[in-house]
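A.B. asks: Below is the structure I would like to discuss, written out as structure tokens.
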Amino acid sequence: MATHRIAVIPGDGIGKEVVPEGIRVLEAAGRRFGIDFAWESFDWSCERYAETGAMMPEDGLAQIRSHDAIFFGAVGFPNVPDHVSLWGLLIPMRRGFQQYVNLRPVRLMPGIPSPLAGRAPGEIDFWIVRENTEGEYSSIGGRMFEGTDDEVVVQESIFTRRGVDRILRYAFELARSRPKKHLTSATKSNGIAITMPFWDERVRAVADEYPDVRTDQYHIDILTAHFVQHPDWFDVVVGSNLFGDILSDLGPGVTGTIGIAPSANLNPERAFPSLFEPVHGSAPDIAGRGIANPIGQIWSGAMMLEHLGHADAAAAVMAAIEGVLTTGPRTRDAGGTANTIEVGTAIAEAVASAR
Ligand code: NAI
Ligand code: MG
1 MATHRIAVIP GDGIGKEVVP EGIRVLEAAG RRFGIDFAWE SFDWSCERYA ETGAMMPEDG
61 LAQIRSHDAI FFGAVGFPNV PDHVSLWGLL IPMRRGFQQY VNLRPVRLMP GIPSPLAGRA
121 PGEIDFWIVR ENTEGEYSSI GGRMFEGTDD EVVVQESIFT RRGVDRILRY AFELARSRPK
181 KHLTSATKSN GIAITMPFWD ERVRAVADEY PDVRTDQYHI DILTAHFVQH PDWFDVVVGS
241 NLFGDILSDL GPGVTGTIGI APSANLNPER AFPSLFEPVH GSAPDIAGRG IANPIGQIWS
301 GAMMLEHLGH ADAAAAVMAA IEGVLTTGPR TRDAGGTANT IEVGTAIAEA VASAR
């Protein structure tokens, strides 16, 4: 039996409510498919920050460096500025563990009404591949003459050939593995006239290695419109850190509730643990009431199973999610009245009886 050591970071708010449901379903999948998990929990969070002044211990990364994966809930709470929680925990893990791929599915699921009229499950099914370590989210820059009329603020974008090529290669490989073999690149080489032409150039160079993949590109502005009007056009969409960030909220947004959207922060070389988390945050507005939708966390668990080499168990979790979305129980955001634990338990039971 394979044993996987998983670092569990529930974080803040509803993270602490949905992570146990993710574990409940993964345990059910483990029993059904012969996978053994060793869960180790870490209290890294805004709560910890409020007590100690740090989101995680100084040697935090070293403590979880040799775990097989990180199962993450959400961080952020009104008493701590968002840039502190982000740069104090998530970004150090993404960068320190070279999780240069942020991967999110955009899939219209049964039982979830899409804000887009006239779309049925199966019509929208694509992946967003976001560059996760460089690009526009750099810490290079500064501020001068602060608070005066002469104030100057600069933040540089960083695009390296290594960084761009490796995210493109990941996206092309993913496109190649899918029936449509179609890759779309998000660009803005008309307005951002230095880094984005470079990005386009690397897309053409890497595309030469994948003649079986059909490649196209759109400027980010019209691409966001196409996401709404023609989401059926897409198969794999790759973008820089900023463009990917925007697209990867828009995609789940047009397919329904943010409560079911999952994501993975991947180190494809597996030199470091990858991190699996729902797209949503800590939702302070509903935290503590037991009504959060656990499906984003549970679906993230399915992505973790896939990454750990258990495609059959991942497929069983997905089938269980689809089944429960169709028949209920559902949480309020998905039009039902059930609580977090009821939905988690129903999905775990469906996994247990998977054939
Ligand atoms: P949010 O995702 O926490 O909430 C947005 C809205 O969606 C809220 O109305 C919330 O109730 C609802 N919602 C979110 N998840 C839900 C679920 N599972 N079930 C039902 N409803 C759900 O985003 P918001 O409000 O912008 O941020 C709150 C905090 O979370 C902030 O501190 C922010 O920095 C942090 N955050 C953390 C993220 C992370 O840990 N990766 C990602 C996004 C935000
Ligand atoms: Mg985002």
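So for the sequence shown, the UniProt record's numbering puts the first residue at 1; every next one is plus one.
The beta carbon of each residue, even a glycine, is placed where N, CA and C say it ideally should be.
Note that the structure is a prediction, hence the values are computed from the model and not measured.
(1) Since Trp299 is in the beta strand (DSSP E), which residue starts that stretch and which ends it?
(2) I need the boundaries of the beta strand (DSSP E) containing residue 376, first residue and last residue.
(3) Would the beta-carbon of Gly118 fall within 7 angstroms of that of Val75?
(4) Using the beta-carbon count (16 or more within 10 Å), is Arg104 buried or exposed?
(5) Output the residue ranges of the alpha helix (DSSP H) runs that lie fully inside the segment 12-65 and measure 4 residues or longer, sorted by chain position.
(6) Classify Pro92 as helix, strand or coil using the three-state DSSP reduction.
(7) Note the first and the last residue of the continuous alpha helix (DSSP H) segment covering Arg169.
(8) Please confirm whether any heavy atom of the ligand NAI lies closer than 6 angstroms to the CB of Asn102.
(9) Which residue marks the beginning of the alpha helix (DSSP H) containing Ala225, and which one marks its end?
(10) Run through DSSP, which three-state label would Asp333 get?
(11) Within 6 angstroms: the Cβ of His280 and any heavy atom of the ligand NAI?
(12) Classify Leu21: buried if its beta carbon has 16 or more other beta carbons within 10 angstroms, exposed otherwise.
(13) With three or more beta-carbon pairs closer than 8 angstroms as the criterion, would you say the segment 249-258 touches the segment 222-235?
(14) Name the residue from Glu173, Thr195, Asp82, Pro179 whose alpha carbon lies nearest to the alpha carbon of Thr160.
(15) Cα-Cα, which of Glu156, Thr133, Asp150, Trp127 is closest to Ile140?
(16) Using the Cα positions of Met303 and Ser114, report the straight-line distance between them to the nearest angstrom.
(17) With distances taken between CB atoms, is the gap from Arg204 to His182 smaller than 7 angstroms?
(18) Does at least one heavy atom of the ligand NAI sit under 6 angstroms from the Cβ of Asp82?
(19) With distances taken between CB atoms, is the gap from Pro197 to Ser185 smaller than 7 angstroms?
(20) So is Gly147 buried or exposed if we call it buried at 16+ other beta carbons inside 10 Å?
(21) Excluding five sequence neighbours on each side, which residues of the same chain lie with their C-beta closer than 6 angstroms to the C-beta of Pro78?
(22) In whole angstroms, give me the CA-to-CA distance for Met109 and Gly290.
(23) With DSSP as the reference, please indicate the residues paired to Arg270 in a beta bridge.
(24) Identify the continuous beta strand (DSSP E) that holds Ser282 and give its terminal residues.
(25) One question on the structure: do Ala334 and Gly13 come within less than 7 angstroms of each other, judged by their Cβ atoms?
(26) Specify, as a first and last residue, the run of the beta strand (DSSP E) that Pro252 falls within.
(27) With distance defined between alpha-carbon atoms, name the residue in His307, Pro278, Trp44 nearest to Ala54.
(28) With a threshold of 8 angstroms on Cβ separation, who are the neighbours of His307 within its own chain once the five nearest residues in sequence on each side are excluded?
C.D. replies: With the structure as the only source:
(1) One-based indexing of the sequence shown puts residue 299 at position 299. Segment 295-307 is the alpha helix (DSSP H) holding Trp299; no beta strand (DSSP E) there.
(2) Since the first residue shown for the chain is 1 and the last is 355, residue 376 is missing from the structure and cannot be characterised.
(3) Walking along the sequence shown from the start, residue 118 turns up at place 118. Walking along the sequence shown from the start, residue 75 turns up at place 75. No. Outside cutoff.
(4) As a first step, residue 104 is located in the sequence shown; it is residue number 104 there, counting from the start. Result: buried.
(5) 15-33, 46-52, 60-64
(6) Residue 92 sits at position 92 when you count from the first residue of the sequence shown. It is helical.
(7) One-based indexing of the sequence shown puts residue 169 at position 169. Arg169 -> alpha helix (DSSP H) spans 161-176.
(8) Numbered from its first residue, the sequence shown carries residue 102 at position 102. Because no heavy atom of the ligand NAI lies under 6 angstroms away, the Cβ of Asn102 does not count as near it: no.
(9) The residue you call residue 225 lines up with position 225 of the sequence shown. Start and end: 220-229.
(10) Along the sequence shown, read from residue 1 onward, the residue named residue 333 stands at position 333. The answer is helix: DSSP assigns Asp333 an H, G or I state.
(11) Taking the sequence shown and counting its residues from 1, the one referred to as residue 280 is at position 280. Yes, since a heavy atom of the ligand NAI falls inside the 6 angstroms radius drawn around the Cβ of His280.
(12) As a position in the sequence shown, residue 21 is number 21, starting the count at 1. Checking the sequence shown, residue 21 turns out to be Glu, not Leu. Buried, since its Cβ has 16 or more Cβ neighbours within 10 Å.
(13) yes
(14) Taking the first residue of the sequence shown as position 1, residue 160 is located at position 160. The candidate whose alpha carbon is nearest that of Thr160 is Thr195.
(15) Locating residue 140 in the sequence shown gives position 140, where the first residue counts as 1. The residue with the shortest Cα to Cα distance from Ile140 is Glu156.
(16) In the sequence shown, counting from the first residue as 1, residue 303 sits at position 303. In the sequence shown, counting from the first residue as 1, residue 114 sits at position 114. Going by the C-alpha atoms only, they are around 23 angstroms apart.
(17) For this step, residue 204 is matched to residue 204 along the sequence shown. For this step, residue 182 is matched to residue 182 along the sequence shown. No, they are not a contact pair.
(18) Position 82 of the sequence shown, counted from the start, is the residue given in the question as residue 82. Answer for Asp82: yes, Cβ within range of the ligand NAI.
(19) For the purposes of this step, residue 197 is taken as residue 197 along the sequence shown, with counting starting at 1. For the purposes of this step, residue 185 is taken as residue 185 along the sequence shown, with counting starting at 1. No. Outside cutoff.
(20) Here residue 147 refers to the residue found at position 147 when the sequence shown is read from its first residue. Burial call: exposed.
(21) For the purposes of this step, residue 78 is identified with residue 78 of the sequence shown, where counting begins at 1. Cβ within range, chain order: Pro284.
(22) Taking the first residue of the sequence shown as position 1, residue 109 is located at position 109. Taking the first residue of the sequence shown as position 1, residue 290 is located at position 290. Cα to Cα, the separation comes out at about 23 angstroms.
(23) Locating residue 270 in the sequence shown gives position 270, counting from the first residue. BP columns for Arg270 are empty, so no partner.
(24) For the purposes of this step, residue 282 is taken as the residue at position 282 of the sequence shown. Note, Ser282: premise wrong, no beta strand (DSSP E); not H, not E.
(25) Here residue 334 refers to the residue found at position 334 when the sequence shown is read from its first residue. Here residue 13 refers to the residue found at position 13 when the sequence shown is read from its first residue. Going by C-beta atoms, Ala334 is not nearer than 7 angstroms to Gly13.
(26) Along the sequence shown, one-based indexing puts residue 252 at 252. That residue, Pro252, is in no beta strand (DSSP E); its alpha helix (DSSP H) goes 241-255.
(27) For this step, residue 54 is matched to residue 54 along the sequence shown. The candidate whose alpha carbon is nearest that of Ala54 is Trp44.
(28) Here the question's residue 307 lines up with position 307 in the sequence shown. Cβ neighbours of His307 beyond the five flanking positions: Ala69, Ala264, Leu266, Ser274, Phe276.
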